[in-house]
Every structure is written in C-alpha cells, then in structure tokens.
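Notes follow the structure.
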C-alpha cells in the first residue's frame, strides 16, 4: 500500500470525472450491477476487498479472488479497467477508495486519463481531472517520465491531454542508456579502450531470423508437440485399436469438458453478481476449448502413481497465467516491436554481420530502443491455486471411460479415469489425483509417437533475449523467472571436484594455511583434494584411538575412504549439523557390503565426530567466521529484520526466511493448505536466518567469482558455460580459462569483503 496516501482526493476525483447533474445515475447503475469492465461486475469484489481491509487476504479461513491484474493495491484495479474503457466502473472505484480513506496516486490518474482518451470523453471532464491532479501536486509530464507504460497506453494518455490542452506535448524520452555497474571489479569489462573479442554465433543473419520466427510461432502456440525418441512399436491390431479408442475418448472428453466449463462459468458469474468471491474473470481469459486442451494435456502427462492435488493446482493455474500473458502480448503491438528490435540485435550475434562497437549483449539490446513494456503482474499464489484446483476438480468429475476397458467382463457403465485418494509422504497425509490403471495400460498399448510440452519447458531455437530485469529475458513471449536449481550436476572426476568453491572462499577468508593447501590455494607439485585430506586426517585419529583399544576404531580399519567422508565435508560449509552428517555417513557405511552392519550406528557417530574435529583443525579460521556470521544473523533476526548484504559486484541480497503464513482453500473434493515463508509481513524466522546466512554469504562470493570469470572469458572470445559449480569451455581454451579463473579469484578476495 506504499503507493497510497490518506486524503480526500479519491472522492474529489470521482466527482470531477462524473458529469454534473448525473450523480444519481452512478448509484442507480451500481445497484443494477451493469458494469462493463468484466461481465460479472468485479467492482463488487474490489469493494469488498477495500471495505474489509487487507486482513481478508491473509485470513487462514477465507480467500478473496479479485479480477486478473488485481494483485496489489486497489489502484491496480483502475489499470485493469482502463484498457477496456470502463468509465463508469472506474468512477465507482474512486468512490470506493474514498470510503476506505485512500487517495489516488499517479498511476490512478493515468488510468482515468487513458480511459477517457479511449472513450473520447468531453474536454470538461478531462479538465476537471487535471485540476484535481494539480491540486494533489502531480504534473501531467510525470505521466510519461515516471511511469512505465506501453506505447498504446501513452497514445491514449496523449489523446486525452491534448483534448483538454491542445498545445500539450509529451516530454521526449531520454535516449536509452545502458546501465553500468560501478563496481571496481567490473571496470575493465566496460572499458572501451581495451581490445575485445566477443564470440559470435556460427550462423548467418538470415538463418537466425528464420529461427526467431520458428521460436515465435512456438511461443504464440504456447505448446509444442515433438516426436518420441522411444522405439516405434509394431502396428499390430491391438495397437491400432488402442489408438482408435483413445482418439474417440478424447473427442468425448473434450466435448464434456467444454460443457462442464460452461456450467462452472455460469455458476461463477452468478456468484460474482451477488458480490461473492468468484473465479469468473479468470475463467473468461481462455475459451472453453483452450481450457479443455490444457486439461487433457495434463491428464496425458500424469504418472501412474499420480500427482498431489496441490502441485497440479499450482501447475494448472500457472499455465493459465502464461497463456493469458501470451494472448495479451499478441493483442498489442508488442510482438511487432519485439521482432523489429530482435532483428537489429541479431547483427551483434550473426557470423556475417558487424556492429559499430562491440559490447555485451545486454548493453546492445538496451541501446536498440526504449525499455520494454511493464511485465504482467503475477497472480497471487492463493488465486493460482484456487483456479488450478477448480480446473482439476472439473477434470476429475468429467473424464470417464467405459467399464469394459478395466475388466473383460465389465459393463459399458462409465467409470472415472481419475481418482482422488490420500497417501502419506514424510508422515503427512496428502491428496493425490491418481489415474485408473486401465487408462495407463491403454496409453502404454497405444504407444503414441508424439509428446506435448509447454513452450517454456523446451530449449529455445534462437538466441535468448538478454536479461535486463528479473522478469525480462530468455524467452520471447513466455513469462520467465530467474531460477536457480536446488539440485546440481554431480561431477565424478576426482580432480574437478577436489576443491569445492565454498571451501575455497572460506579457506581464503579464514587465512587457514593447512586448509588453503588442501584446496589448491598454496603452490604444490600435485593437485590437492580436500576430501582425501580430511579422510587422511580422520584415519590418523582412528589409528590413535585403535591403539588405545577403542572397539569401533578397530572395526573401522580399512573402511575410512574419501567416499565415506565426502558428502559430509561438502555440506559442512552449508550448515550441516552433526545429526545430518551422521545420517550421511551411515548411508555410506551401509553401502559397503563387507562392513559389519551391527556397527553402523556406533561407527557413524564416531566418524562424524572425527570429521568435524578434522575440519576444525584444518579450517579453524573458516569455522570461526561461520560461527560469527551465524551469531550476527541471529541477533539481526531478533531485532525483527531480515539479514541483508551486498555482494562485491554490487548486487543486494535479502534472505527471504520469515515465519510461515498459511492459506486455506476450502471446498470441493479437498481443502488445500499451503505455507509461504517469503511473506515479508511476518516476523523473520530466526533459526533459518541464522543457519542460512553462512552458506548463502559464501554462495554469493562463489556466484560473484563465476560471473567475473564468465564476463572476462566472454571478453576474450571464449565459449564459457557454468554447470552448477564447474566451469566448462573447449579443450583448446582450458589454459586461458584457468588463467582468468585464478586472476578473478585473486581480484575478488583483494576487495574489502
């Protein structure tokens, strides 16, 4: 609600917009519910949101569903109404803001003027709006300089303003300037005096343009169908009959799903007209046929063991959102503008073209035009889950198949294809949608040769868009998020993984001579391996204890190896406890067939203690830094603040660990409850803040080093790829990459970290 302020401006703007002598019409039409923005009258839903306050959104027992685009302050609704030119609805919203004691901000005035520009309202109404805007201390020029609006919205604004003030001219947008990072570590990257040799694609401009058109077609279709890599089955009578049966069933299911969706939509529309929470606006975003196709695609991809209802609900809701975003972009000029800009961008990458000055792809992209249109506001997670749950229930209740497909002697009576069952996972009971075994057998027998994927789930055909913000980059139209996989690739080459980056940074920061040698920070005749070093130290401790007659130390003779201690050593820097480390070592010992299993529990306790003792001896400074970071985070969290810091590259980091806020979605076949630990309105979770800070801080140094290495390798013309914590390039360029990697490591740790 930071964009709002208390005052009378909302009501005054409402009366300013409404023509004199017609105040009674507003009340009359409001009572009739004839609102053109969305047929179900979402203003009533917003009125309830404003009247009942933000507590409704956070309540554990209820869920308020607002129209698409309404995910933040009530002013956001004015933007949702204005593109459709819903003037009466817009005025009603301003009166609701007045009732709540809120005043319009610059974005609210922009929505009102856009609406009047599209509807060609008379000049007097626009002049009253501008007068109220000036009374609130806002200037019309700020509409073009302070807001990120697409060209279509700016044109509507300009039409309205020129009707009231014919001499008004929009301020010229400043020429796009590439944003430069001021970190001293990146000074060489942006130094234009130094020679550069950025790599180019191996394809000519014409080919890259064709690949762009193919990728654009795939994303506009939102899905892509590819041939399966499985061996094609023999086309026996059984296979052909199974395919024919599936084809007939899908045609029936599509018709039944469309019918069920029409009924659901009618029911939700009635609920919206009565002012009750409703999904009707979201069900209007796609046609019944598109919803049916999405549901059948989901059914096709279900595994035999089923999938949790919560996961399916979130997936379905997000896929509806993605399709909605693509449709919005298709209806505007955004696709045409993207094509024009991308074709210019390809001159930097194509093998047969040159640009005036070589630069980074992001710099070149930003220099080609104005910033992109503002990204689509993500729907709140409760709305995504509620919509997906509604669609999943339609799928369960509608899709049926003849009983004789399940039993040879079965009747023609229809039986469900999907069953809602409960199962236990990690001591928790969860609801699962499980397909009928007969349906899975039918799919296996048919062995269809194609598979359908979401457009954003397959590799791109053309070079991706440069990342210019967390919401803009990679895919052309499909919504994209900057993500980091929680699971990395495991390298099985001993020397490659002998020096985990976290231990490298920790050893250097802690100034541990023994630890530094084990991670190759000290010159040595041979490459060192920290895991073998720890295993050797543990073996020394074991031998001493065995000589003193300790039974478990004697049993472990010959079993202490690099493999046994590796996982625990690797995860210590990430905050693993002795309890977790013991479980890791226990698992490794159970994998040894010749180890006496009756000693596993005692041996794992002994080994985890010795591993921690070895690390304390080798990395004493590092462990002291970890303890200091953890204690600092604990004290910061107890003050009510999340831990924040800035990386050496100037990137701010905020730990999103807060106490969970729970949301309950009731009704239907099952109530869904999900938690959100990223709710900044909740108190910080002291335990997670404390345990997460040391590894996250080391990771931020690790990522800074990787980014520096990537930028300098790119500047030298090397092809560079990062895979989890490994650096890859062509074999002929390994020596150059090795030099860059070490140079940037030294430069990074020369900074006052």
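Numbering (full-length UniProt numbering), first residue to last: 1 to 753. C-beta: ideal position from N, C-alpha, C; glycine also. Nothing here was measured: the structure is a model prediction, and the numbers come from that model.
Can you tell me which of 589, 100, 720 and 614 puts its alpha carbon nearest to the alpha carbon of residue 542? Taking the first residue of the chain shown as 1, we reach residue 542 at position 542. Comparing alpha-carbon positions, the option among 589, 100, 720 and 614 lying closest to residue 542 turns out to be 614.
Run the CB neighbour count on residue 424, radius 10 Å, all protein chains shown included, and call it buried at 16 or more, exposed below. As a first step, residue 424 must be located in the chain shown, where it is residue number 424. Exposed, since its Cβ has fewer than 16 Cβ neighbours within 10 Å.
Assigned secondary structure, residue 458 (DSSP; H/G/I helix, E/B strand, else coil): Taking the first residue of the chain shown as position 1, residue 458 is located at position 458. DSSP places residue 458 in coil when its eight states are reduced to three.
Which residues in the same chain as residue 609 place their Cβ atom closer than 8 Å to its Cβ, once the five residues preceding and following it in sequence are excluded? For the purposes of this step, residue 609 is taken as the residue at position 609 of the chain shown. Here the set comprises 578.
Would you call the region 623-636 and the region 659-676 touching, i.e. three or more CB-CB distances under 8 Å? With a cut-off of 8 Å on Cβ pairs, the region 623-636 is not in contact with the region 659-676, counting fewer than three such pairs.
Between the alpha carbons of residue 447 and residue 242, how many angstroms are there, rounded? To locate residue 447, count along the chain shown from 1; it is residue 447. To locate residue 242, count along the chain shown from 1; it is residue 242. Their backbone Cα atoms lie some 9 Å apart in a straight line.
Inter-residue Cα distance where the pair is residue 191 and residue 746: The residue labelled residue 191 in the question sits at position 191 within the chain shown. The residue labelled residue 746 in the question sits at position 746 within the chain shown. Taking the straight line from one Cα to the other gives about 20 Å.
Count the other CB atoms, across all protein chains shown, that sit within 10 Å of the CB of residue 699; report buried if there are 16 or more and exposed otherwise. Within the chain shown, numbered from 1, the residue matching residue 699 stands at position 699. It is buried - the Cβ of residue 699 has at least 16 other Cβ atoms within 10 Å.
Closest to residue 324 by C-alpha separation, out of 313, 290 and 345, would be which residue? For the purposes of this step, residue 324 is taken as residue 324 along the chain shown, with counting starting at 1. Out of 313, 290 and 345, 290 has the C-alpha closest to the C-alpha of residue 324.
Output needed for residue 414: all residues of its chain with C-beta closer than 6 Å, excluding positions within five of it in sequence on either side, in chain order. Here residue 414 refers to the residue found at position 414 of the chain shown. Cβ within range, chain order: 400.
Alpha carbon of residue 402 to alpha carbon of residue 369, nearest angstrom: Here residue 402 refers to the residue found at position 402 when the chain shown is read from its first residue. Here residue 369 refers to the residue found at position 369 when the chain shown is read from its first residue. Taking the straight line joining both Cα atoms gives about 58 Å.
By how many angstroms is the C-alpha of residue 442 removed from the C-alpha of residue 587? Your numbering for residue 587 matches position 587 in the chain shown. Your numbering for residue 442 matches position 442 in the chain shown. Residue 587 and residue 442 have their C-alpha atoms roughly 40 Å apart.
Can you look up residue 535 in the DSSP assignment and give me helix, strand or coil? In the chain shown, counting from the first residue as 1, residue 535 sits at position 535. DSSP, reduced to helix, strand and coil, places residue 535 within a helical segment of the structure shown.
If I'm right that residue 152 touches residue 332 with Cβ under 8 Å, what's the distance once you round it to whole angstroms? Here residue 152 refers to the residue found at position 152 of the chain shown. Here residue 332 refers to the residue found at position 332 of the chain shown. With a contact defined as Cβ atoms closer than 8 Å, residue 152 and residue 332 qualify at about 6 Å.
Which residue marks the beginning of the alpha helix (DSSP H) containing residue 602, and which one marks its end? For the purposes of this step, residue 602 is taken as residue 602 along the chain shown, with counting starting at 1. Unbroken alpha helix (DSSP H) run through residue 602: 600-618.
Is it right to say residue 494 is buried, meaning 16 or more other beta carbons lie within 10 angstroms of its own, or is it exposed? Taking the chain shown and counting its residues from 1, one reaches residue 494 at position 494. In this predicted model, residue 494 has a pLDDT of only 35, less than 50, meaning its place in the structure is not dependable enough to derive any value.
Cβ of residue 205 within 9 Å of Cβ of residue 346? Within the chain shown, numbered from 1, the residue matching residue 205 stands at position 205. Within the chain shown, numbered from 1, the residue matching residue 346 stands at position 346. Yes, these two residues count as a Cβ contact at 9 Å.
To which residues does DSSP link residue 431 through a beta bridge? In the chain shown, the residue the question calls residue 431 occupies position 431. According to DSSP, residue 431 shares a beta bridge with 422.
Could you tell me the distance, in whole angstroms, from the CA atom of residue 727 to the CA atom of residue 653? Position 727 of the chain shown, counted from the start, is the residue given in the question as residue 727. Position 653 of the chain shown, counted from the start, is the residue given in the question as residue 653. Straight-line measurement puts the Cα of residue 653 at about 24 Å from the Cα of residue 727.
Mind listing, in chain order, the continuous alpha helix (DSSP H) runs of no fewer than 4 residues lying wholly within the region 301-367? List check, alpha helix (DSSP H) in window: 309-331, 334-349 and 361-367.
Given that a residue counts as buried once 16 or more other Cβ atoms are within 10 Å of its Cβ, and exposed if not, what is residue 628? By one-based count along the chain shown, residue 628 stands at place 628. By the 10 Å Cβ count, residue 628 comes out exposed.
Just the C-alpha distance for residue 94 and residue 110, rounded to the nearest angstrom, thanks. Here the question's residue 94 lines up with position 94 in the chain shown. Here the question's residue 110 lines up with position 110 in the chain shown. Across the structure, residue 94 and residue 110 are spaced so that their CA atoms are roughly 13 Å apart.
Among all the DSSP beta bridges, which residues are the ones paired with residue 658? By one-based count along the chain shown, residue 658 stands at place 658. According to DSSP, which records beta bridges pairwise, residue 658 is partnered with 684.
From residue 317 to residue 309, what does the alpha carbon distance come to, in whole angstroms? Locating residue 317 in the chain shown gives position 317, counting from the first residue. Locating residue 309 in the chain shown gives position 309, counting from the first residue. Residue 317 and residue 309: Cα-Cα distance of roughly 12 Å.
On the CB-based measure, 16 or more other CB atoms within 10 Å of its CB, does residue 691 come out buried or exposed? Indexing the chain shown from 1 puts residue 691 at position 691. In the assembly as shown, residue 691 is a buried residue. Its beta-carbon has 16 or more other beta-carbons within 10 Å.
Between residue 145 and the rest of its own chain, which residues show a CB-CB distance below 7 Å, the 5 nearest in sequence each way excluded? Counting from one through the chain shown, the residue named residue 145 turns up at place 145. Taken in chain order, the residues that qualify are 171.
Using a Cβ cut-off of 9 Å (strictly closer), state whether residue 690 contacts chain C. The displayed structure is made up of one protein chain only, and chain C is not part of it.
Whole-angstrom distance between residue 383 and residue 10, CA atom to CA atom: Translated into positions along the chain shown, residue 10 becomes position 10. Translated into positions along the chain shown, residue 383 becomes position 383. Only weak support exists for where residue 10 lies, its pLDDT of 49 falling under 50; the value from the coordinates is given anyway. So the alpha carbons of these two residues sit roughly 28 Å apart.
Among 139, 211 and 256, whose alpha-carbon lies nearest the alpha-carbon of residue 459? Taking the first residue of the chain shown as position 1, residue 459 is located at position 459. The closest CA to that of residue 459, considering only 139, 211 and 256, is found on 211.
Grab me the residues of residue 264's own chain with a C-beta within less than 8 Å of its C-beta, minus the 5 sequence neighbours each way, in chain order. Taking the chain shown and counting its residues from 1, one reaches residue 264 at position 264. 283, 390 and 394.
Do the region 211-224 and the region 326-342 meet, that is, are 3 or more Cβ pairs less than 8 Å apart? With a cut-off of 8 Å, the region 326-342 and the region 211-224 count as touching, because enough Cβ pairs lie within range.
CA-CA distance, residue 245 and residue 439? The residue labelled residue 245 in the question sits at position 245 within the chain shown. The residue labelled residue 439 in the question sits at position 439 within the chain shown. The C-alpha of residue 439 is placed about 11 Å away from the C-alpha of residue 245.
Cα-Cα separation, residue 281 to residue 708: For the purposes of this step, residue 281 is identified with residue 281 of the chain shown, where counting begins at 1. For the purposes of this step, residue 708 is identified with residue 708 of the chain shown, where counting begins at 1. The straight-line gap from Cα to Cα measures roughly 47 Å.
So, using beta-carbon positions, are residue 626 and residue 684 closer together than 9 Å? The sequence position of residue 626 within the chain shown is 626, counting from 1. The sequence position of residue 684 within the chain shown is 684, counting from 1. No, Cβ-Cβ distance for residue 626 and residue 684 is not below 9 Å.
Proximity below 9 Å, CB of residue 226 to CB of residue 451: Within the chain shown, residue 226 is the residue found at index 226, counting from 1. Within the chain shown, residue 451 is the residue found at index 451, counting from 1. Cβ atoms of residue 226 and residue 451: closer than 9 Å.
Please work out which residues of its chain come closer than 6 Å, Cβ to Cβ, to residue 722, disregarding the five sequence neighbours upstream and downstream, and give them in chain order. Numbered from its first residue, the chain shown carries residue 722 at position 722. Contacts found: 706.
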